[in-house]
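A.B. asks:
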Amino acid sequence: MFYVLAIVLASCTVVESVAATSVNVTLECYQTEDSGGPDEARLDITIDGGNTYSERKSMNNHGTPWSLAFSFNNNIRLQLWDEDAGTWIDPHDELGTFVLDTSQVTKTLQFTDFRGHGSHYRVFWSAP
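Each residue of the sequence shown is one higher than the last, beginning at 953 in the numbering used here.
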């Protein structure tokens, strides 16, 4: 019986449980890319290198901030676009990209700026 127990214990795999990091993210627009009105903002979100999904919101200068919350284990990639016609003559405009890892998430509010194509957006984040 001792030998059977030893074989069972030797074949067990220890799985380390890692707690997910939660983060609150707020996007504010100070200057749109489009000169004639609001940007049709699309935020592409990639969590831990997995699938990318998108959120969309119309944003204007000093308008209502866009607040989101995420949980992740390693990093989260945020890529902001202004959606245009999406054709060769009027392609979507990338406004900025930022990768946030777990070591950057604290209770202190932090930020980075996106300034692509003449726009100015600020991304704030902190732990809940």
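From the three backbone atoms N, C-alpha and C, an ideal C-beta is built for every residue, glycine too.
Going along the chain, which residues of its own chain have a beta-carbon closer than 6 Å to the beta-carbon of Gln-1031, five neighbours each way excluded?
C.D. replies: Only Asp-996, Thr-1049 meet the Cβ criterion.
A.B. asks: Count the other C-beta atoms from every protein chain shown that fall within 10 angstroms of the C-beta of Leu-1061, then say buried if there are 16 or more, exposed otherwise.
C.D. replies: Leu-1061 should be labelled exposed.
A.B. asks: Distance, Cα to Cα, Ala-1037 vs Ala-993?
C.D. replies: Spanning the two alpha carbons is a distance of roughly 13 Å.
A.B. asks: Quick check on DSSP: helix, strand or coil for Ser-1055?
C.D. replies: In the structure shown, Ser-1055 sits in a helix (DSSP, three-state: H, G or I).
A.B. asks: Using DSSP with H/G/I as helix, E/B as strand and the rest coil, what is Gly-1038?
C.D. replies: Gly-1038 falls in the coil class under three-state DSSP.
A.B. asks: Does the Cβ of Tyr-1073 have 16 or more other Cβ atoms within 10 Å, making it buried, or fewer, making it exposed?
C.D. replies: Per the 10 Å Cβ criterion, buried.
A.B. asks: Pick helix, strand or coil for His-1072, following the three-state DSSP scheme.
C.D. replies: If DSSP states are grouped into helix, strand and coil, His-1072 belongs with the strands.
A.B. asks: For Asn-1013, does the three-state DSSP call read helix, strand or coil?
C.D. replies: Here Asn-1013 sits in coil by DSSP.
A.B. asks: Could you give the DSSP three-state label for Thr-984: helix, strand or coil?
C.D. replies: Thr-984 falls in the coil class under three-state DSSP.
A.B. asks: Under three-state DSSP, which class holds Asn-1027?
C.D. replies: Three-state DSSP puts Asn-1027 in a strand.
A.B. asks: Evaluate the contact criterion for the stretch 1003-1010 versus the stretch 1039-1046: three or more CB pairs, one atom per stretch, below 8 Å.
C.D. replies: No contact exists between the stretch 1003-1010 and the stretch 1039-1046.
A.B. asks: For Val-1051, does the count of other Cβ atoms within 10 angstroms reach 16, so buried, or fall short, so exposed?
C.D. replies: Val-1051 comes out exposed.
A.B. asks: Determine the extent of the beta strand (DSSP E) in which Leu-1061 is found, giving its start and end residues.
C.D. replies: First-last for Leu-1061: undefined, no H or E at that position.
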